[in-house]
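These notes concern the structure reproduced below.
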Amino acid sequence: MAFSGALTLTDLNDFITPSQACIKPVEQVNKPEPQDPGAAATQIQVDSSGAYYEIRANGAASTGQSGKSTKQKLTTAEISLNDCLACSGCITSAESVLITMQSHTEVLNFLQNNPPPSSPSHKVPVISIAPQSLASFAASVSSTSSQNISLLQILRRVRAFCTSVLGFAHVYDTTFARHLSLLEHAREFKERKERKGEGKLPMLASACPGWVCYAEKTHAEMLPFISRTKSPQQVMGTLVKEWLGAKWGKRPDQIYHVTVMPCYDKKLEASRQDFYNDVYATRDVDCVLTTGELQLLMQEKGWDLSAPVPNENLPPHPHPSTSLDVDTVLPELLTHPGSSSGSYLHSLIHNITSAHPSPSALSLSTRTIRSADYEEHTLTDGCASGAVVFRGAKCYGFRNLQNVLCGI
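In terms of this note's numbering, the sequence shown has 280 at position 188, counting the first letter as 1, and numbering is strictly consecutive.
Below, the structure written as structure tokens:
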């Protein structure tokens, strides 16, 4: 579940070669003193622990003199997610990029070292799970145990694991955050349509932060057209650290927020400086786990996701609870029409149709261009001689993205 086989195969057609030269400068720590051209060359030694040492002789080789040698331990080069964002080669083009800031070991280290609730330095651990990850867990359990598992049952079982085994205080799904994100997305589109001047339409939106990074580094002229609306993950970060935090009487830096997402690129998104609070020195999302990493945690802890837990069949809570001590303070598992990739296009079509004076007069046509990865949707008004009310496109893959950008 860590990587999708279909995605790996498809990536062959959309592979984008990273830039040959990384713009991150090489910082040399403990730079040695400059020596004469005739000085002895340095040697590199490796000890039993795997540490590297630079051995430099203090004597000129040209004179044949021998002197004392100096031994200096070399530091290991590390690449963080912020470094990955500094170059045009997106992490999607190389799954082997070293990730040091976002991993399940970081989450375990925090949970193990988090002071008790009575301590002033205690942080409230909160985890939010994407519905795509819940669907992946449900499909996995259903295929291996012949059980018909619902998303609600999976959510309750994952919640039981995260609270009783890992020690999280609260476990939420991100569908309510997606609901808010789609509403804001529709509002932004309306504002752009009514705006005069540059940077209004077309509006480009994507659930993939890797696409946003690619557009920033290779198509800077398109930035005014990219939607400003936060993704469901980052909306959830604001809800947890700002809204819920205020109700709990906690500052944003007193909450440790983890999200579970279906894609590694969400780690990039959470690490962006755009979502860093300079006042409290904290991020909206402190750490992102993929579906496969959470599954790995379950395996390491011996948790059987196919085993039922108490009260897993209780109906979902469509309305928030008045109690802040339970995980139903936010609505559970809200559904949205559309595809599994964010529903941005479908939500716009739904809102435009609902706001039209004669919704029944509107007709939606879909045209597939070359493959199912590129579809155009046109909304026309039958009462106005087929006038186009809305036109949008849904495309997948960098190749189709480049075709769309060339047509703008």
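All C-beta atoms in this analysis are idealised placements derived from N, C-alpha and C, irrespective of residue type, glycine included. Quantities reported herein were computed from a predicted structural model and do not represent experimental measurements.
Asked: Buried versus exposed call for Leu256 [16 or more other C-beta atoms within 10 Å across all chains shown]; Found: Going by the sequence as given, residue 256 is Ser instead of Leu. That one is exposed.
Asked: Delimiting residues of the alpha helix (DSSP H) encompassing Cys379; Found: Per DSSP, Cys379 belongs to no alpha helix (DSSP H); it is in the beta strand (DSSP E), Cys379 to Thr382.
Asked: Whole-angstrom distance between Val327 and Leu272, CA atom to CA atom; Found: 8 angstroms
Asked: Three-state secondary structure assigned by DSSP to Ile347; Found: strand
Asked: Per-residue DSSP class, three states only, for Arg284; Found: helix
Asked: Thr168 versus Ala143 - alpha carbon distance; Found: 9 angstroms
Asked: Proximity below 7 angstroms, CB of Phe268 to CB of Pro423; Found: yes
Asked: Closest residue to Val352 among His442, Ser195 and Ala278 (Cα-Cα distance); Found: Ser195
Asked: Limits of the unbroken beta strand (DSSP E) element including Gly484; Found: Ala479 to Cys487
Asked: Short Cβ contact (7 angstroms threshold) for Thr470 with Arg483; Found: yes
Asked: C-beta contact flag for His349 and Gly329 at 7 angstroms; Found: yes
Asked: In DSSP terms, what Glu146 is bridged to; Found: Ile136 and Gln164
Asked: Boundaries (first-last residue) of the beta strand (DSSP E) holding His469; Found: Ser463 to Asp473
Asked: Thr374 - partner residues in DSSP beta bridges; Found: Asn369
Asked: Residues near Leu203 by beta carbon distance below 7 angstroms, same chain, minus five either side; Found: Pro217, Leu258 and Gly259
Asked: Counterpart residues of Ile318 in DSSP-defined beta bridges; Found: Leu296
Asked: Inter-residue spacing [alpha-carbon to alpha-carbon] between Ser398 and Pro407; Found: 19 angstroms
Asked: Environment of Ala299 [buried if 16+ CB atoms lie within 10 Å]; Found: buried
Asked: C-beta contact flag for Glu404 and Gln245 at 7 angstroms; Found: yes
Asked: First through last residue of the beta strand (DSSP E) which encompasses Pro217; Found: Val216 to Ile221
Asked: Touching by the beta-carbon criterion (3+ pairs, under 8 angstroms), the stretch 437-455 and the stretch 224-236; Found: no
Asked: For Glu468, the nearest candidate out of Gly474, Pro451 and Tyr488 (CA to CA); Found: Tyr488
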